[in-house]
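One structure is given here, and the rest of the page talks about it.
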Amino acid sequence: MAHIGKSKSGIGKSKPVDTYCIICGNKKAGIYVEDDYVLDTLRAVKKAITKKESNKKLVVCKEDYDTYEKYYRKFRYRLALYLSIGVIFAVFSLIVSPSIVTLGIDAFLIIFLYALAMLNYTPKLALDFETAKGSHQEKEAKL
Ligand SMILES: [Zn+2]
Numbered sequence: 097m098a099h100i101g102k103s104k105s106g107i108g109k110s111k112p113v114d115t116y117c118i119i120c121g122n123k124k125a126g127i128y129v130e131d132d133y134v135l136d137t138l139r140a141v142k143k144a145i146t147k148k149e150s151n152k153k154l155v156v157c158k159e160d161y162d163t164y165e166k167y168y169r170k171f172r173y174r175l176a177l178y179l180s181i182g183v184i185f186a187v188f189s190l191i192v193s194p195s196i197v198t199l200g201i202d203a204f205l206i207i208f209l210y211a212l213a214m215l216n217y218t219p220k221l222a223l224d225f226e227t228a229k230g231s232h233q234e235k236e237a238k239l
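Numbered per this note's numbering, the sequence shown spans residues 97 to 239.
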């Protein structure tokens, strides 16, 4: 991770950007990952520590696409499940014992469950699954 490889060819018209697959960690071409607040935060933290702007782009390579899809669905499922549990618990606890203390405990619980679900954090792709698969197939057809 510490070593940032410079692209050998600077010949292309557009500035070359290093793309890394989030599943296998290799420098590979693939479908771009959409930037969200989690990635922005991680990037800001990294920049604050290293004082360097990274021009790395995150992608999912073709070989790891199925694995990625599994991870992503698992993450979304857990996030929805944990937050549902938190909200249901919060509603019931407030019915049983409506107080500011209950509200505080509920808020803490929801944040805790959210953080737990984030252990499986998997970023969204800039393209939806079907378009992404289509673009992969298109590329293959051109070869
Ligand atoms: Zn990969």
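For glycine and all other residues, C-beta sits at the position ideal for the given N, C-alpha and C.
Just so you know, these numbers come straight off a predicted model, no measurement behind them.
- Of the heavy atoms belonging to ligand 1, at least one sits nearer than 7 Å to the Cβ of residue 159.
- Under the 10 Å beta carbon count, residue 132 is surrounded by fewer than 16 other beta carbons and is classified as exposed.
- Under the three-state reduction of DSSP output, residue 217 falls in the coil class, being neither helix nor strand.
- Between ligand 1 and the CB of residue 151, the shortest heavy atom gap is not smaller than 7 Å.
- Secondary structure of residue 129 (DSSP, three-state): strand.
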